[in-house]
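Asker: Going letter by letter, the sequence shown gives residues 1 to 182 in the numbering used here.
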Amino acid sequence: MSDQVPEGFRAGSLIAGSVSTSTTALAGPPFGVAVTASGRYSFVTTGNSVTVLRNDAGMAPAVVQTIGVHGASKGVALTPDGRFAIAAAGSGAAVISVPAAENGLPGPVTGFLASPKGSGAVEVLLSPDGRYVFVTLQNSAEMAVFNLAAALTHGFGSSDFIGYVPLAAQPVGMSTDGSWPS
């Protein structure tokens, strides 16, 4: 290795031009992120809301809209067909219309999947066909299971709740490879 400093460099500094940076202000601390298949939009849980970002807006993503969803501070996932974002909240999850949210339309929340008891929704996982939603409930050591297909077809209500899977204390995450929640 040579002890010589290459031409254009000085000891203690690097002359390589400038690096530009940029940030995007959010409604609260970000936690969960789901990016659309095109990569053009991201859905970010930010406390009691889901912020929709347009990723091709320049150096930093641009906020399209912030959707109020009480308790949406953790996980978010997109349905396999990309039509809905599912955000863990309360005792279940909020279902958000992706096209409406991407276009900044008011009222993009389609409905709520709620279990009769339990709280502390943390993570969301969908079945590969998008028909079922699984939500870990950290405060009640359970996983709530919902029939999303029925909710979207017949309207949201208590019949969308299928049941609970008991888990160990403080369950937080789930695996997409078929493993049990951790």
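By construction, the Cβ of each residue, glycine as well, lies at the ideal position given by its N, Cα and C atoms.
#1: So what does DSSP say about ASN103, is it helix, strand or coil?
#2: Just checking my contact of LEU137 with SER119 at CB under 8 Å: how many whole Å lie between their CB atoms?
#3: Once you ignore the five residues that flank GLN65 on each side, which residues in its own chain have a CB closer than 7 Å to its CB?
#4: Under the three-state reduction of DSSP, which class applies to GLN65: helix, strand or coil?
#5: Express the C-alpha separation of HIS70 and ASN48 in angstroms, rounding to a whole number.
#6: Which word fits PRO116, buried or exposed, when buried means at least 16 other C-beta atoms lie within 10 angstroms of its C-beta?
#7: Along the chain, which unbroken stretches of the alpha helix (DSSP H) at least 4 residues long are found entirely within the stretch 70-152?
#8: Taking the Cβ atom as the reference point for each residue, do PHE146 and LEU167 lie within a distance shorter than 7 Å?
#9: Relative to the C-alpha of ALA141, which residue among PRO29, LEU152, GLU123, SER127 is closest?
#10: In whole angstroms, give me the CA-to-CA distance for GLY163 and TYR132.
#11: Is the beta carbon of SER97 closer than 7 Å to that of THR110?
#12: Assuming ALA77 and THR23 form a contact by the criterion Cβ under 8 Å, report the distance between their Cβ atoms to the nearest whole angstrom.
#13: Look at the Cβ atom of ALA87, then the Cβ atom of ALA93, and state whether they are nearer than 7 Å.
#14: Pick from LEU148, HIS154, THR153: whose alpha carbon is nearest that of PHE161?
#15: Here's a check: name, in chain order, each residue in its chain whose Cβ is nearer than 8 Å to the Cβ of ALA151, leaving out the five neighbours to either side.
#16: If you follow the beta strand (DSSP E) that GLY163 is in, where does it begin and where does it stop?
Answerer: Reading it off the structure:
#1: Residue state, collapsed to three classes: coil.
#2: With a beta-carbon spacing of about 6 Å, LEU137 and SER119 fall inside the 8 Å limit used to define contacts.
#3: VAL52, ALA101, GLY104, listed in sequence order.
#4: Correct three-state label for GLN65: strand.
#5: In this structure, the straight-line span from the alpha carbon of ASN48 to that of HIS70 is close to 4 Å.
#6: Exposed, since its Cβ has fewer than 16 Cβ neighbours within 10 Å.
#7: Within the stretch 70-152, the complete alpha helix (DSSP H) segments at least 4 residues long are 98-102, listed from N- to C-terminus.
#8: Going by C-beta atoms, PHE146 is not nearer than 7 Å to LEU167.
#9: Minimum Cα distance to ALA141 is reached at GLU123.
#10: When rounded, the distance between both Cα atoms is 12 Å.
#11: For THR110 and SER97, yes; Cβs fall inside 7 Å.
#12: Actually they are not in contact, since the Cβ atoms of ALA77 and THR23 sit about 25 Å apart, beyond 8 Å.
#13: Between ALA87 and ALA93, the C-beta gap is smaller than 7 Å, which places the two residues in contact.
#14: Answer by Cα proximity: LEU148.
#15: Counting only Cβ-Cβ distances below 8 Å, and skipping sequence neighbours, we find VAL95, GLY111, LEU113, GLY157, ASP160.
#16: Residues 161-166.
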